[in-house]
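Heads up: the sequence shown runs through residues 1 to 297, numbered per UniProt numbering.
Below: one structure, written as C-alpha cells.
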Amino acid sequence: MSNQRFSQRSIIQRTFGSTHGYITRLMSPSDLGQIVKPFVFLDIFSLNLRDGNPLDNMPLHPHSGIATITVITEGKVHYDDPHSGSGSLTYGGVEWSCAGGGMWHGKELSVNTGVPYIQGFQLWIALPREVENGLSESHYIEAKNMHRTGPAFIILGSYEGVQSPVPAPKGMNYLLVTLSAGEIWTYQPPLGHSVAWLAVATGQLSTGEDSLVNAGEMVIFEQGETPLTLKTSGNEKVIFVLGSAVPHPYTLHLGNYSVHTSAQALKSGEQRISELGKNLREAERKKTALGIIPVFR
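Structure below.
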C-alpha cells in the first residue's frame, strides 16, 4: 500500500472548537453545521473519572427534528432502558436516539467508577422532512453487534456492502475508524455523497502531502466525490470519525435544542417538547438502580 497516492481534495474549514469542562463543541447548527448538513452538531467528550462523575451534572434537556448518535472511542458506559434492556457500550458501541417530534434525555447513560477515562463523540443529524416530527425512538447497540469493514465500524449507513444496524435515514454514512501506525486507508464516498468531514480523537492523521489533522480537531473537505486517502502520522494509532452524505436540501430552522426544515415544523416540535416537559417528574420516577433516567418521550 505504500505506493498509494494521496488525493488532493482540499480542506476548506478546520477547528478545535470550544471546550467547556469535559465537552469540546466542534460544530453547531448555526456555524459549521450549515456547511455539512445533514450533520449539524458534533461534540467530543473526555471524562476523567478519578475526580468524580461529571455526568451527574448533566441536566435533562429536550430535542426535536434531529437524531443524536453517541459513539464510544475509549472506556465504558452503561445503559438500562425498559424497551432496550441493559448492557454496556465500549469502543464502537452506539446510542441512537431519534428525537422525531420530541424527547427529553441527558441521564440515560451511567459510568462505572472502576473505569478511569471515557471518550467519545456525540453527533446530531437533521432529519428529513417526512420524519422530523415523527415518532421518537432509541436503540443501544453494543460493539459486538455493530458491523465493520476493514478498520471501520459502520455507525450509520452502508459502506463496501456492509450495512449499519442503526435505523438512520438514507443518504449518509458515519464511520468510526482506527488505523495502526503507518497504515493507509482510502474512503470512496458513495454516489451523491459530496459532503465530507472528519474529526480525530487520538493521534495525528495525514490527509495529503502537507496536511495534518491533530487529536481534537475537525476538518471539512471541499464538496465532491473524490476518494479520501488517509494515513497515520507518527508512531501511534489514530482513532477518528468520518462522515459523508448527500447534502441536506432544506434551510435549517433552529430552536434552542431543535433543528427543523420549516418554521411550522419547528413550532410543532417545540410545542411537543414543552408538553413533555410538564411531565418530567414522571421521567424521574422511572430512574433505575444505576441512577439512569431513560429517554422520556
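Glycine included, every Cβ here is placed at the ideal spot set by N, Cα and C.
Check whether residue i and residue j have beta carbons under 8 angstroms apart
i: S268; j: G101; result: yes
i: V94; j: V166; result: yes
i: A168; j: A289; result: no
i: residue 385; j: M103; result: Past the edges of the chain, shown from 1 to 297, lies residue 385, and the structure says nothing about it.
i: L179; j: S206; result: no
i: I11; j: S211; result: yes
i: V40; j: W124; result: yes
i: M250; j: H63; result: Looking at the sequence itself, residue 250 is Tyr, so the reference to Met does not match. No. Outside cutoff.
i: E284; j: I293; result: yes
i: E132; j: G65; result: yes
i: H139; j: S86; result: no
i: Y174; j: I69; result: yes
i: R9; j: G277; result: no
i: G291; j: S110; result: yes
Other residues of its chain near residue i: CB distance less than 7 angstroms, five sequence neighbours each side excluded
i: N235; result: A181
i: S136; result: C98, A99, G100, G101, G102, M103 and R297
i: F240; result: V177, L198, A199, V200, A201 and L205
i: P128; result: P169
i: M1; result: With a pLDDT of 40 at M1, under the threshold of 50, the modelled position of this residue cannot be trusted; read the value that follows with caution. Counting only Cβ-Cβ distances below 7 angstroms, and skipping sequence neighbours, we find I184.
i: R25; result: G17, S18 and D43
i: K286; result: I293 and P294
i: P38; result: I125, A126, M172, A245 and H248
Best match in the options for proximity to residue i [C-alpha to C-alpha]
i: W185; options: S258, T232 and H147; result: T232
i: H61; options: L290, L280 and G291; result: L280
i: T19; options: G157, S46 and L290; result: S46
i: L118; options: L26, L266 and H78; result: Per the sequence shown, the amino acid found at residue 118 is Ile instead of Leu. Here the closest residue by C-alpha is H78.
i: residue 385; options: H105, I273, S97 and K76; result: Outside the shown range of the chain (1 to 297) lies residue 385, about which nothing can therefore be said.
i: L266; options: K144, L252 and S164; result: L252
i: P227; options: Y257, Y250 and S194; result: S194
i: F16; options: C98, S244, M218 and I239; result: M218
i: V238; options: A152, P38 and D81; result: A152
i: I141; options: Y91, G277, E222 and R272; result: Y91
i: N53; options: P128, N112 and H260; result: N112
i: G157; options: N145, T73, G171 and G291; result: G171
i: M58; options: T73, Y22 and S30; result: Y22
i: A215; options: G134, E222 and G203; result: G203
With 16 other Cβ atoms within 10 Å as the buried cut-off, status of residue i
i: D43; result: buried
i: L191; result: exposed
i: L32; result: buried
i: K107; result: buried
i: T149; result: exposed
i: A126; result: buried
i: R272; result: buried
i: S274; result: exposed
i: S164; result: buried
As assigned by DSSP and simplified to three states, the class of residue i
i: S138; result: strand
i: G87; result: strand
i: L32; result: coil
i: R148; result: strand
i: I273; result: helix
i: A168; result: coil
i: A263; result: helix
i: N112; result: coil
i: E74; result: strand
i: N53; result: coil
i: M1; result: Per-residue confidence for M1 stands at a pLDDT of 40, beneath the threshold of 50, marking its modelled position as unreliable; no derived number is given.
i: S180; result: coil
i: A283; result: helix
i: A245; result: strand
i: V295; result: coil
i: A99; result: coil
i: Q13; result: strand
i: A143; result: helix
i: S268; result: helix
i: R25; result: strand
i: P59; result: coil
i: S194; result: coil
i: T288; result: coil
Close-in-space but distant-in-sequence residues of the same chain around residue i (CB under 6 angstroms, 5 per side omitted)
i: V71; result: V94, G120, F121, I155 and L176
i: N3; result: Its pLDDT being 46, under 50, N3 is placed unreliably in this model, and the value from its coordinates should be taken loosely. Here the set comprises nothing.
i: G255; result: L266 and E270
Cutoff 8 angstroms; reference residue i; Cβ partners in own chain excluding five residues on either side
i: I220; result: I11, I12, Q13, R14, L32, I35, V36, A196 and W197
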